[in-house]
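Asker: I'd like to ask some things about the structure below.
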Amino acid sequence: MNKFLLVFLVVAVAGGCKNFTTEKVSSEQIVKREMAHLDLHDLDSYPAFVTCADSLSKQAKQRCFEQQLTTHIYTVLSQHHVHLKDSVYEKIELVIKIAPNGKPSLENVYASKLILTKIPDIKKWLNQAILSLPEIYPAEKRGVPVAAKFKLPLLIQSN
Numbered sequence: 000m001n002k003f004l005l006v007f008l009v010v011a012v013a014g015g016c017k018n019f020t021t022e023k024v025s026s027e028q029i030v031k032r033e034m035a036h037l038d039l040h041d042l043d044s045y046p047a048f049v050t051c052a053d054s055l056s057k058q059a060k061q062r063c064f065e066q067q068l069t070t071h072i073y074t075v076l077s078q079h080h081v082h083l084k085d086s087v088y089e090k091i092e093l094v095i096k097i098a099p100n101g102k103p104s105l106e107n108v109y110a111s112k113l114i115l116t117k118i119p120d121i122k123k124w125l126n127q128a129i130l131s132l133p134e135i136y137p138a139e140k141r142g143v144p145v146a147a148k149f150k151l152p153l154l155i156q157s158n
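By numbering that gives the first Met the number 0, the letter at position 113 of the sequence shown is numbered 112, and the numbering carries on one by one without gaps.
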């Protein structure tokens, strides 16, 4: 009985090995497969200030980051006193980039000619506000720090 079991196992293993083939896959094919399933526009972790880093959900971190960023920018802008003849109610849009090392930069400011004419230093002040931000933890994708670029709308209003 033991000999029969031994012969059966040898035949099963030998027969099974004939049907077992391995496929060689190049690194380029692996990268193509991964890129097909990878969403480059969706971050695993949004940039965060120290005070926002302990938020539980991705959406809570994003809201906290945007609120703190907006508050900081408005605080810096409120330190500059501008005297205007007319009232202003304009929306401007900032394009902000957070580098993989957490360093912020102001990529672009989309503002009307009216705002740029009435407040010629606004780009300089916005750049100062971005450069004076507190420490930022960068965005992450698959555990690796990555650059993140986003648009932030601001409302400029005077009476």
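For each residue, glycine too, the CB sits at the ideal point set by N, CA and C. Here the structure is a predicted model, which is why all the values come from computation and not from measurement.
Lys140 and Leu42 look like a contact to me (Cβ under 8 angstroms); what is the Cβ gap, rounded to whole Å?
Answerer: As a first step, residue 140 is located in the sequence shown; it is residue number 141 there, counting from the start. As a first step, residue 42 is located in the sequence shown; it is residue number 43 there, counting from the start. At roughly 6 angstroms, the Cβ-Cβ gap stays under 8 angstroms, so Lys140 and Leu42 are in contact.
Asker: Alpha helix (DSSP H) containing Leu68: first to last residue?
Answerer: Taking the sequence shown and counting its residues from 1, one reaches residue 68 at position 69. Where Leu68 is concerned, the enclosing alpha helix (DSSP H) stretches over 57-77.
Asker: Starting from Lys90, trace the alpha helix (DSSP H) in both directions and tell me its first and last residue.
Answerer: To locate residue 90, count along the sequence shown from 1; it is residue 91. Where Lys90 is concerned, there is no enclosing alpha helix (DSSP H), although the beta strand (DSSP E) it sits in stretches over 87-97.
Asker: In the DSSP assignment, find the unbroken alpha helix (DSSP H) run with Asn126 in it and report its ends.
Answerer: Along the sequence shown, one-based indexing puts residue 126 at 127. Looking at the DSSP string, the run of the alpha helix (DSSP H) that includes Asn126 is 121-130.
Asker: How long is the line joining the alpha carbons of His71 and Phe48, rounded to whole angstroms?
Answerer: Locating residue 71 in the sequence shown gives position 72, counting from the first residue. Locating residue 48 in the sequence shown gives position 49, counting from the first residue. Approximately 12 angstroms, taken between the alpha carbons.
Asker: According to DSSP, what are the bridge partners of Ile114?
Answerer: On the sequence shown, residue 114 is found 115 positions in, with the first residue counted as 1. In DSSP, Ile114 forms no bridge with anything.
Asker: Out of Ile155, Tyr136, Asn158, Val143, state which residue places its alpha-carbon closest to the alpha-carbon of Gln61.
Answerer: Residue numbering aside, residue 61 sits at position 62 when the sequence shown is read from its first letter. Among Ile155, Tyr136, Asn158, Val143, the Cα nearest to that of Gln61 belongs to Tyr136.
Asker: Can you find the residues in the same chain that come closer than 8 angstroms, C-beta to C-beta, to Tyr45, ignoring five residues on each side of it along the sequence?
Answerer: If you number the sequence shown from 1, residue 45 lands on position 46. Closer than 8 angstroms at Cβ, skipping near neighbours: Lys57, Lys60, Gln61, Phe64, Ala138, Ala147.
Asker: Quick check: the Cα distance between Pro119 and Gln78, rounded to an integer number of angstroms?
Answerer: Against the sequence shown, residue 119 aligns to sequence position 120. Against the sequence shown, residue 78 aligns to sequence position 79. Whole-angstrom Cα-Cα distance: 16 angstroms.
Asker: Are the beta-carbon atoms of Ser157 and Leu83 separated by less than 7 angstroms?
Answerer: Taking the sequence shown and counting its residues from 1, one reaches residue 157 at position 158. Taking the sequence shown and counting its residues from 1, one reaches residue 83 at position 84. Taking 7 angstroms as the Cβ cut-off, Ser157 and Leu83 qualify as a contacting pair.
Asker: To the nearest angstrom, report how far apart Lys102 and Leu125 are at their CA atoms.
Answerer: Residue 102 sits at position 103 when you count from the first residue of the sequence shown. Residue 125 sits at position 126 when you count from the first residue of the sequence shown. Roughly 15 angstroms between the two C-alpha positions.
Asker: What are the boundary residues of the beta strand (DSSP E) that includes Glu134?
Answerer: Translated into positions along the sequence shown, residue 134 becomes position 135. Element bounds for Glu134: n/a, residue is neither H nor E.
Asker: Ser25 by DSSP, collapsed to three states: which one?
Answerer: Your numbering for residue 25 matches position 26 in the sequence shown. DSSP places Ser25 in coil when its eight states are reduced to three.
Asker: Just confirm the distance between the C-beta atoms of Gln66 and Thr50, as a whole number of angstroms; I'd bet it's less than 8 angstroms.
Answerer: Within the sequence shown, residue 66 is the residue found at index 67, counting from 1. Within the sequence shown, residue 50 is the residue found at index 51, counting from 1. That belief does not hold up - the Cβ atoms of Gln66 and Thr50 are roughly 10 angstroms apart, past 8 angstroms.
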